[in-house]
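Shown next, in structure tokens, is the structure this report addresses.
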Amino acid sequence: MPVSVPHALAFLSSQPRVRDLLATAVTEGKLSHAYLFLGAPGAGKTEAARALAECVVCPHGGDDTCDECLRVKHGTHPDVKFLQPSSATGYLVPQVRELIADTTLAPVRSHAKVYVLEQAETLRGAAANALLKTVEEPPEGVMFILIARTAAAVMPTLVSRCQQVPFRVVSSGAAEHTVELASGLAGSEARIALSVAGTPERAAAFLASPDRRKVRRLMVRALDQLARADSWDVLISARELVSAVKAPLAALKEAQEAALGEHADYLANSAMKKIEEANKRELTARERSGMMEALSAAESLLRDVLLRCEGVDEPIVNEDASDVVDRIASSTCTKGVLDALDAVHEAANDLAHNVTPQLAFEAMLLCVKEALSCLPSSR
Numbered sequence: 390m391p392v393s394v395p396h397a398l399a400f401l402s403s404q405p406r407v408r409d410l411l412a413t414a415v416t417e418g419k420l421s422h423a424y425l426f427l428g429a430p431g432a433g434k435t436e437a438a439r440a441l442a443e444c445v446v447c448p449h450g451g452d453d454t455c456d457e458c459l460r461v462k463h464g465t466h467p468d469v470k471f472l473q474p475s476s477a478t479g480y481l482v483p484q485v486r487e488l489i490a491d492t493t494l495a496p497v498r499s500h501a502k503v504y505v506l507e508q509a510e511t512l513r514g515a516a517a518n519a520l521l522k523t524v525e526e527p528p529e530g531v532m533f534i535l536i537a538r539t540a541a542a543v544m545p546t547l548v549s550r551c552q553q554v555p556f557r558v559v560s561s562g563a564a565e566h567t568v569e570l571a572s573g574l575a576g577s578e579a580r581i582a583l584s585v586a587g588t589p590e591r592a593a594a595f596l597a598s599p600d601r602r603k604v605r606r607l608m609v610r611a612l613d614q615l616a617r618a619d620s621w622d623v624l625i626s627a628r629e630l631v632s633a634v635k636a637p638l639a640a641l642k643e644a645q646e647a648a649l650g651e652h653a654d655y656l657a658n659s660a661m662k663k664i665e666e667a668n669k670r671e672l673t674a675r676e677r678s679g680m681m682e683a684l685s686a687a688e689s690l691l692r693d694v695l696l697r698c699e700g701v702d703e704p705i706v707n708e709d710a711s712d713v714v715d716r717i718a719s720s721t722c723t724k725g726v727l728d729a730l731d732a733v734h735e736a737a738n739d740l741a742h743n744v745t746p747q748l749a750f751e752a753m754l755l756c757v758k759e760a761l762s763c764l765p766s767s768r
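Each residue of the sequence shown is one higher than the one before, counting from 390 in my numbering.
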């Protein structure tokens, strides 16, 4: 008998087993209080966690259209919180204690609360031990979703308290087909979106966002102009990229402030402060995600240049920028492209260690310019 799938979970077509497992739990009212989503990056674990959170707080079981669902989707729902490690070494004890204290507070809008902990493998030692009892016996109406690559990387005591949900690796063909179905756009655009956004769900959202597509165009243009650019031109390109990434966040900030204003009259100052801090973290996470997408666009284009430099008889991803790929490839060498890719990876590492995006992009573009200036090898 076919499983009845809530609209919020329907997009998980590339993970049918996960979709059906969660859909059955939602429709039969048998949701676990703690899940552990496991799988490689790009499998769609975070997107699935967001969709499940919609089902939990939605009064209609995840219709994907009501105000509650839209707030979860936009990251402005006060009862759905996504957490990242607060330090480079992982989750810290104060961060976990703040989370535990928050679970004891009544929901602001919904009948339930959902906490999504990304990079759960970094929950170690005292931080993990502090969370154990709450994950095992959370307050009524509280759900935890932990996200990690493998169960072996997570503290065994945490694993034993969660229902494991494995995500399979999605083939490139299946991922492309999923994006095409979700976006209505064919072939090359789906491949470009996947190379930038990573997962089919994010790729479909990328194609639906003029702002995010603009960032990718700006990155392609910046790389194309590097050979003729001076240091000032590079600084301007970096500034344009950062501004383009930040532009759509203004609307999110407005929505957060409006949602907070609705509850200002009856929320305690401490609760208001916690929501404000959560909103700030969400904005920071969205900004960093946008910066990483811009770097992924640069990496995708440079990989196409590498194919050209090596004479590999294989279609490139960025077909709409084939002239840019050919232009760069004709004036550089394989080692230069590899060094340029290293510069992109270093920029991603800088962003992960809280280097300002402007500085990270400036340094990357200058390093890429220098790397690509090597003379092309004779072929």
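Backbone N, C-alpha and C define an ideal beta-carbon position, used for all residues, glycine too. Nothing here was measured: the structure is a model prediction, and the numbers come from that model.
Close-in-space but distant-in-sequence residues of the same chain around Leu410 (CB under 7 Å, 5 per side omitted): Stepping through the sequence shown from its first residue, residue 410 is reached at position 21. Excluding residues within five positions, the ones whose Cβ falls inside 7 Å are Val554.
Where Val531 falls, given that 16 or more other Cβ within 10 Å makes a residue buried: Your numbering for residue 531 matches position 142 in the sequence shown. So Val531 counts as buried.
Could you give the DSSP three-state label for Ser720: helix, strand or coil? As a working mapping, residue 720 is identified with position 331 in the sequence shown. Correct three-state label for Ser720: coil.
Which of the three DSSP states, helix, strand or coil, is assigned to Arg768? Residue numbering aside, residue 768 sits at position 379 when the sequence shown is read from its first letter. Because the pLDDT of Arg768 is 46, which lies under 50, any placement of that residue in the model is unreliable, and the question is left without a value.
Kindly indicate the opening and closing residues of the alpha helix (DSSP H) around Phe595. Counting from 1 along the sequence shown, the entry for residue 595 is found at position 206. Taken as a continuous stretch (DSSP letters only), the alpha helix (DSSP H) holding Phe595 covers Pro589 to Leu596.
Skipping 5 residues on each side, what residues in its chain have a beta carbon closer than 8 Å to that of Ser767? To locate residue 767, count along the sequence shown from 1; it is residue 378. Low confidence applies to Ser767: its pLDDT is 49, below 50, so where it sits in the model is not reliable enough to give any reading.
Along the chain, where does the beta strand (DSSP E) that runs through Pro430 open and close? Taking the sequence shown and counting its residues from 1, the one referred to as residue 430 is at position 41. Segment: none, Pro430 is in no beta strand (DSSP E) and carries neither H nor E.
For Lys419, which three-state DSSP category applies? Residue mapping note: residue 419 aligns to position 30 of the sequence shown, counting from 1. The answer is coil: DSSP assigns Lys419 none of H, G, I, E or B.
By Cβ distance below 6 Å, which residues in the same chain neighbour Arg513 in space, the five residues on each side in sequence not counted? Here the question's residue 513 lines up with position 124 in the sequence shown. Counting only Cβ-Cβ distances below 6 Å, and skipping sequence neighbours, we find Gly479.
Inter-residue CB distance, Cys444 and Val482 (contact presumed, cutoff 8 Å): The residue given as residue 444 occupies position 55 in the sequence shown. The residue given as residue 482 occupies position 93 in the sequence shown. Wrong, their Cβ atoms sit about 31 Å apart, outside the cutoff.
Around the C-beta of Glu417, are 16 or more other C-beta atoms found within 10 angstroms, so that it is buried, or is it exposed? Locating residue 417 in the sequence shown gives position 28, counting from the first residue. The residue in question, Glu417, is exposed, as its Cβ has fewer than 16 Cβ neighbours within 10 Å.
Whose C-beta lies closer than 6 Å to the C-beta of Met608 among residues of the same chain, with five residues either side of it excluded? In the sequence shown, residue 608 corresponds to position 219, counting from 1. Once the five neighbours on either side are set aside, the close Cβ partners of Met608 are Ala683, Ala686 and Ala687.
Give me the residue from Lys434, Leu427, Arg692 and Asn738 with the minimum Cα distance to Ala542. The count along the sequence shown starts at 1 and reaches residue 542 at position 153. Ranking Lys434, Leu427, Arg692 and Asn738 by Cα distance to Ala542 puts Leu427 first.
Have a look at the DSSP bridge pairing and note the partners of Ile489. To locate residue 489, count along the sequence shown from 1; it is residue 100. According to DSSP, which records beta bridges pairwise, Ile489 is partnered with nothing at all.
Hey, quick one: how far does the alpha helix (DSSP H) through Met532 stretch, first residue to last? Start at 1 with the first residue of the sequence shown, and residue 532 comes out as number 143. Counting along the chain, Met532 falls outside any alpha helix (DSSP H), though it belongs to the beta strand (DSSP E) covering Val531 to Ala537.
From the DSSP secondary-structure annotation, give me the bridge partner or partners of Gly479. As a position in the sequence shown, residue 479 is number 90, starting the count at 1. According to DSSP, which records beta bridges pairwise, Gly479 is partnered with Ser476.
When burial is assigned at 16 or more other CB atoms within 10 Å of the CB, is Gln552 buried or exposed? Taking the first residue of the sequence shown as position 1, residue 552 is located at position 163. Per the 10 Å Cβ criterion, exposed.
Rounded straight-line distance, which links the Cα of Asp452 to that of Ala412: In the sequence shown, residue 412 corresponds to position 23, counting from 1. In the sequence shown, residue 452 corresponds to position 63, counting from 1. Near 12 Å, if we compare the C-alpha coordinates of Asp452 and Ala412.
Length of the line joining the Cα atoms of Leu748 and Leu740: Counted from its first residue, the sequence shown places residue 748 at position 359. Counted from its first residue, the sequence shown places residue 740 at position 351. Rounded to the nearest angstrom, the two C-alpha atoms are 9 Å apart.
Return yes when the Cβ of Glu569 is within less than 9 Å of the Cβ of Thr539, no when it is not. One-based indexing of the sequence shown puts residue 539 at position 150. One-based indexing of the sequence shown puts residue 569 at position 180. No, they are not a contact pair.
For the alpha helix (DSSP H) that Val706 lies in, which residues bound it at each end? Sequence index remark: in the sequence shown, residue 706 carries index 317 (1-based). Unbroken run through Val706: none, as it is neither H nor E.
Report the rounded CA-to-CA distance for Glu793 versus Glu525, giving the unit in angstroms. There is simply no residue 793 to check, as the chain begins at 390 and stops at 768 in what is shown.
Within 10 angstroms of its Cβ, does Met661 collect 16 or more other Cβ (buried), or is it exposed? Residue mapping note: residue 661 aligns to position 272 of the sequence shown, counting from 1. That one is exposed.
Can you tell which of Ala571, Leu615, Gln614 and Gln508 has its C-alpha closest to the C-alpha of Leu596? The residue you call residue 596 lines up with position 207 of the sequence shown. For Leu596, the nearest C-alpha among the options comes from Ala571.
Provide the residue span of the beta strand (DSSP E) that contains Gln769, from first to last. Residue 769 falls outside the range modelled here, since the chain spans only 390 to 768, and no answer is possible.
Grab the span of the alpha helix (DSSP H) containing Val568 for me, first residue to last. Here the question's residue 568 lines up with position 179 in the sequence shown. Looking at the DSSP string, the run of the alpha helix (DSSP H) that includes Val568 is Ser561 to Ser572.
Identified DSSP bridge partners for Phe556: For the purposes of this step, residue 556 is taken as residue 167 along the sequence shown, with counting starting at 1. DSSP lists no partner for Phe556.
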